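One structure is given below, encoded as structure tokens.
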Amino acid sequence: MPKKRSGGGLSSTQQAAKFLGVSVLAGAVMAGIALPAVGALGLAAKGSVESFDELPAALKTPPLSQRTTILDADGGLIATVYSRDRTVVDLKDISPYMQKAIVAIEDSRFYEHGAVDLKGVLRALNKNARSGEVSEGASTLTQQYVKNVFVEEAGDDPTKVAQATQQTIGRKIQELKYAIQVEEELGKKKILENYLNITFFGQQAYGVEAASQRYFSKPAKDLNLQEAALLAGIVQSPSRYDPVNDEAEAKKRRNIVLKRMAEVGDVSPEDAAEAMRSPLGLKVSEPKNGCITAAKGAGFFCKYVEKVFLNDPVFGKTREERAKVWNQGGLTIRTTLDPQAQKSVQESLKDHVYESDKVAAASTLVEPGTGKIVAMGQSKPYGYGKNQTEINFSVDSAWGGSNFGFPTGSTFKPFVAAAALEEGRPPTQEYSSPYEMPYPDTVRGCEKPWVNDGGYKLENEDESEVGPYALRDAMAKSVNTYFVQMIEDIGMCPVVTMTDKLGVVQGNGDKIPEVPSSMTLGSTGLSPLTMASAYAAFASRGMYCTPVAIESITQKTGDQSKSLPVPKSTCSRAMSEKTADTVNELLRGVIDSGTGQQAGLGDGRANAGKTGTTDERRNAWFVGYTPNMSGAVWVGSASQKVKMRDISIGGQYHELVFGGAVPGPIWRDAMNGALEGKEAPEFNRVHIPKPKKPEDRDKGRGDDGKGDDGFIGGLINGGNGNGGGDGGNGGQPDPGFTFPEGFIQGPGNGPGGRD
Numbered sequence: 000m001p002k003k004r005s006g007g008g009l010s011s012t013q014q015a016a017k018f019l020g021v022s023v024l025a026g027a028v029m030a031g032i033a034l035p036a037v038g039a040l041g042l043a044a045k046g047s048v049e050s051f052d053e054l055p056a057a058l059k060t061p062p063l064s065q066r067t068t069i070l071d072a073d074g075g076l077i078a079t080v081y082s083r084d085r086t087v088v089d090l091k092d093i094s095p096y097m098q099k100a101i102v103a104i105e106d107s108r109f110y111e112h113g114a115v116d117l118k119g120v121l122r123a124l125n126k127n128a129r130s131g132e133v134s135e136g137a138s139t140l141t142q143q144y145v146k147n148v149f150v151e152e153a154g155d156d157p158t159k160v161a162q163a164t165q166q167t168i169g170r171k172i173q174e175l176k177y178a179i180q181v182e183e184e185l186g187k188k189k190i191l192e193n194y195l196n197i198t199f200f201g202q203q204a205y206g207v208e209a210a211s212q213r214y215f216s217k218p219a220k221d222l223n224l225q226e227a228a229l230l231a232g233i234v235q236s237p238s239r240y241d242p243v244n245d246e247a248e249a250k251k252r253r254n255i256v257l258k259r260m261a262e263v264g265d266v267s268p269e270d271a272a273e274a275m276r277s278p279l280g281l282k283v284s285e286p287k288n289g290c291i292t293a294a295k296g297a298g299f300f301c302k303y304v305e306k307v308f309l310n311d312p313v314f315g316k317t318r319e320e321r322a323k324v325w326n327q328g329g330l331t332i333r334t335t336l337d338p339q340a341q342k343s344v345q346e347s348l349k350d351h352v353y354e355s356d357k358v359a360a361a362s363t364l365v366e367p368g369t370g371k372i373v374a375m376g377q378s379k380p381y382g383y384g385k386n387q388t389e390i391n392f393s394v395d396s397a398w399g400g401s402n403f404g405f406p407t408g409s410t411f412k413p414f415v416a417a418a419a420l421e422e423g424r425p426p427t428q429e430y431s432s433p434y435e436m437p438y439p440d441t442v443r444g445c446e447k448p449w450v451n452d453g454g455y456k457l458e459n460e461d462e463s464e465v466g467p468y469a470l471r472d473a474m475a476k477s478v479n480t481y482f483v484q485m486i487e488d489i490g491m492c493p494v495v496t497m498t499d500k501l502g503v504v505q506g507n508g509d510k511i512p513e514v515p516s517s518m519t520l521g522s523t524g525l526s527p528l529t530m531a532s533a534y535a536a537f538a539s540r541g542m543y544c545t546p547v548a549i550e551s552i553t554q555k556t557g558d559q560s561k562s563l564p565v566p567k568s569t570c571s572r573a574m575s576e577k578t579a580d581t582v583n584e585l586l587r588g589v590i591d592s593g594t595g596q597q598a599g600l601g602d603g604r605a606n607a608g609k610t611g612t613t614d615e616r617r618n619a620w621f622v623g624y625t626p627n628m629s630g631a632v633w634v635g636s637a638s639q640k641v642k643m644r645d646i647s648i649g650g651q652y653h654e655l656v657f658g659g660a661v662p663g664p665i666w667r668d669a670m671n672g673a674l675e676g677k678e679a680p681e682f683n684r685v686h687i688p689k690p691k692k693p694e695d696r697d698k699g700r701g702d703d704g705k706g707d708d709g710f711i712g713g714l715i716n717g718g719n720g721n722g723g724g725d726g727g728n729g730g731q732p733d734p735g736f737t738f739p740e741g742f743i744q745g746p747g748n749g750p751g752g753r754d
């Protein structure tokens with residue numbers, strides 16, 4: 000019985016038998032005869048096949064995975080993402096030196112033999128038998144290409160990769176038959192082109208173009224002799240001959256390739272010798288894969304685009320189907336990102352909030368009437384290091400955002416006002432609006448009323464805020480008790496209807512709970528993208544458009560390119576033009592003379608917005624818009640543990656943080672830069688009568704001082720929410736509703752809720 004060589008390998012006799020078997024198989028295949036299921040070669044072993052003729056004749060060649068390029072609206076590069084870094088090129092775009100080098104070292108008789116090189120098999124057999132080890136292979140370039148196709152089809156599945164690379168006779172026979180088919184169908188030049196595009200060159204580079212860029216920072220068509228020889232040498236063992244990590248070994252292998260090129264007459268001995276003396280000449284380019292490399296601070300937007308692709312059924316019925324297309328790559332994705340707006344957002348965030356601050360800031364801008372996301376950024380960069388994060392604070396959790404979003408405070412109040420106006424309440428509507436009051440005993444809901452069984456209370460920002468107030472002043476001053484009285488008047492269902500039409504959902508995708516604090520004072524977590532898109536409906540006179548990030552996608556498969564369908568914004572009427580125009584007038588007052596004066600864009604550009612600060616100043620917001628752009632800014636901590644009192648943000652000390660004092664200026668600077676050079680349209684103005692003077696209110700009243708307008712009595716029985724609004728106070732109003740941990744903290748904002 001033959002003995003194994005030391006180290007567990009086969010003896011020279013066994014090696015000879017193995018290669019003899021391969022040669023016999025090759026001869027049989029070429030002769031086109033069926034192979035027996037059993038015999039001296041052990042074809043009944045696992046992995047063998049019963050008959051050569053029974054094998055499928057057609058090799059399924061999957062599209063080669065390539066880079067996907069994500070572009071902004073102007074065609075500028077945002078990022079390149081890929082599962083495999085590959086750029087497919089034509090043979091004419093590959094250096095002749097490279098073509099000759101790979102053939103010389105891998106299959107020097109490539110142009111002389113068919114799918115199987117019998118001379119090569121016998122030569123390898125003889126050499127390996129004499130050396131006692133497998134020092135030379137017998138696979139042709141075509142066979143290697145077929146094996147690479149199997150590996151490519153396996154993708155990143157370890158089991159499939161193992162199956163594709165298993166060294167069994169059955170697998171070898173499969174490769175042989177497919178190699179014959181490939182030779183007949185493609186021809187030598189196309190096989191060479193395909194091989195150079197599919198094979199792995201180490202350092203995450205698949206295909207010669209990616210390899211040339213990685214090692215020499217140049218296209219494959221410009222490779223010189225010694226560079227081509229180096230790349231050709233790597234293919235046999237990308238890890239062993241990696242020139243980045245072992246220059247000496249790589250140079251030795253390169254010179255073997257050069258020597259072989261001289262032996263087969265591809266280059267003169269003199270040119271080969273001169274090339275051997277040259278240094279490797281590496282000019283390595285680091286892999287630039289993924290959204291972490293995104294330009295313009297657009298890493299979070301880049302990741303949002305990827306999430307959209309993986310989540311939206313327009314790209315495939317199942318997530319698995321969509322992931323397969325994404326990983327295959329070869330996509331050119333043009334997005335809605337406006338480079339001017341993105342730059343302005345990032346600069347504003349950088350100016351006002353430092354990466355090292357205890358809190359973070361996020362801002363998103365959208366275009367009214369189209370839903371296009373034109374900018375998305377945050378103060379802590381995309382990444383995994385210190386003061387970095389991979390969580391996109393601007394979006395819902397399904398798109399890579401926080402689990403719950405962030406409580407919005409008084410920026411929710413315009414939704415209540417819009418709902419009341421749609422119900423027929425006049426913009427001059429007054430409520431008593433005391434400084435402090437209990438929540439109403441009950442508030443009507445869509446299905447059942449909310450009951451104040453905990454004696455919850457709320458208060459305004461400071462004791463000077465005592466009504467009665469009309470809607471304009473209540474909005475400008477952000478009077479909490481006014482809006483609680485308003486929701487008692489109209490009930491919660493109109494607000495539910497309004498927020499549904501405006502796409503307003505919690506950060507986890509759930510609907511806003513029917514709880515007065517959520518329905519008035521913004522105690523529920525939402526995302527900046529949700530808020531910017533909802534406010535855009537005011538700017539577009541009542542038309543809400545779902546947000547979109549992708550303009551078009553072109554997919555390249557082989558030599559063919561095709562356009563893919565992309566998600567479209569769906570626009571629908573959320574409120575009447577009259578209601579939207581009235582809300583615009585109300586929110587103009589917030590910036591002109593209310594809590595948002597620091598956010599104003601100045602003369603010459605119509606703008607409106609609303610401030611918001613939540614429980615214990617854990618979150619501060621400004622959401623505002625012009626007729627042609629809407630934007631939201633959030634400032635706070637993702638953990639919701641930082642109370643923004645006596646705090647330094649962006650190098651500025653703040654005794655108390657207000658929505659108008661930190662988010663407001665971020666919004667102002669971001670919008671000014673984003674809109675520079677763009678038209679400045681006006682809102683459709685409406686007249687809102689000023690409220691009656693105090694002496695006029697008493698006219699026509701009876702001895703009890705009650706008027707006859709029907710909005711008294713129970714309307715003053717407000718209550719106290721969870722402090723989620725601008726200055727709301729007290730505990731959780733609905734014991735049956737559980738807020739995310741850290742969102743509700745004891746007595747609420749106290750003096751700071753209005754901002």
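Its first residue numbered 0, the sequence shown is counted upward by one per residue in numbering that gives the first Met the number 0.
Where a beta carbon is used, it is the ideal one built from N, C-alpha and C, also for glycine.
Keep in mind it's a predicted model, so treat the numbers as computed, not measured.
- Under the three-state reduction of DSSP output, isoleucine 190 falls in the helix class.
- CA-CA distance, lysine 510 to threonine 410, rounds to 17 Å.
- Nearest in C-alpha terms to serine 647, of all of Ala359, Ser343 and Ala473, is Ala359.
- A distance below 6 Å between beta-carbons, with the five flanking residues on each side excluded, links cysteine 570 to the following residues of its chain, in chain order: Met542 and Cys544.
- Partner residues in the beta bridge of histidine 653, as assigned by DSSP, are Ile646.
- Assigned with DSSP and collapsed to three states, methionine 628 falls in strand.
- For the pair of segments examined, the region 264-277 was found not to touch the region 294-314: the number of CB pairs separated by less than 8 Å stays below three.
- Judged by DSSP in its simplified three-state form, valine 514 adopts coil rather than helix or strand.
- If you look at lysine 561, you'll find it in the beta strand (DSSP E) that goes 559-563.
- Taking a contact to require three or more Cβ pairs closer than 8 Å, the region 375-395 and the region 610-628 do not qualify as touching.
- In the structure shown, the three-state DSSP call for valine 661 is coil.
- Cβ atoms of alanine 631 and tryptophan 620 come within 8 Å of each other, at about 7 Å.
- The alpha carbon of threonine 529 has as its nearest neighbour, out of Val365, Lys677 and Glu421, the alpha carbon of Val365.
- Shown here, leucine 330 sits in a strand according to DSSP, grouped into three states.
- For isoleucine 69, the pairing in a beta bridge is given by DSSP as Ala78 and Ile332.
- With contact defined as three or more Cβ pairs closer than 8 Å, the region 546-554 and the region 324-344 are in contact.
- Cβ contact annotation for glutamate 584 (same chain, cutoff 6 Å, sequence separation greater than five): Val685 and Ile687, in chain order.
- Per DSSP, the beta bridge partners of asparagine 618 are Gly635.
- The residue from Gly408, Ala261, Asp356 and Lys342 with its alpha-carbon nearest to that of valine 641 is Asp356.
- The region 234-245 and the region 73-93 do not touch, with fewer than three beta-carbon pairs separated by less than 8 Å.
- Closest option to proline 515, judged by alpha-carbon separation, among Leu525, Glu487 and Thr498: Glu487.
- With contacts defined as CB atoms closer than 8 Å, valine 582 and alanine 417 qualify as a contacting pair.
- Asparagine 196 counts as buried, since at least 16 other C-beta atoms from the protein chains shown sit within 10 angstroms of its C-beta.
- Selection Pro566, Gln235, Phe308 and Asn451 evaluated against glycine 370 yields Pro566 as nearest (Cα-Cα).
- Per the Cβ contact rule, the region 209-222 is not in contact with the region 173-188 (fewer than 3 Cβ pairs under 8 Å).
- As DSSP reads the structure, threonine 388 sits in a beta bridge with Tyr381.
- Judged by DSSP in its simplified three-state form, glycine 206 adopts coil rather than helix or strand.
- Apart from the 5 residues on each side of it in sequence, valine 442 sits with its Cβ closer than 7 Å to the Cβ of Pro448, Trp449, Ile486, Glu487, Gly490, Met491 and Pro515 in its chain, given in chain order.
- Counting along the chain, the unbroken beta strand (DSSP E) around leucine 457 starts and ends at 456-458.
- Measuring C-alpha to C-alpha distances from asparagine 627 to each of Asn288, Gly264, Tyr534 and Arg108 identifies Tyr534 as the nearest.
- A distance below 7 Å between beta-carbons, with the five flanking residues on each side excluded, links tyrosine 110 to the following residues of its chain, in chain order: Lys187.
- If you look at serine 592, you'll find it isn't in any beta strand (DSSP E); it sits in the alpha helix (DSSP H) that goes 576-592.
- Looking from the CA of valine 150, the closest CA among Gly444, Ser64, Ala538 and Thr498 belongs to Ser64.
- Put simply, the backbone Cα of serine 517 is about 5 Å away from that of threonine 523.
- DSSP, reduced to helix, strand and coil, places proline 437 within a strand of the structure shown.
- For valine 256, the enclosing alpha helix (DSSP H) stretches over residues 246-262.
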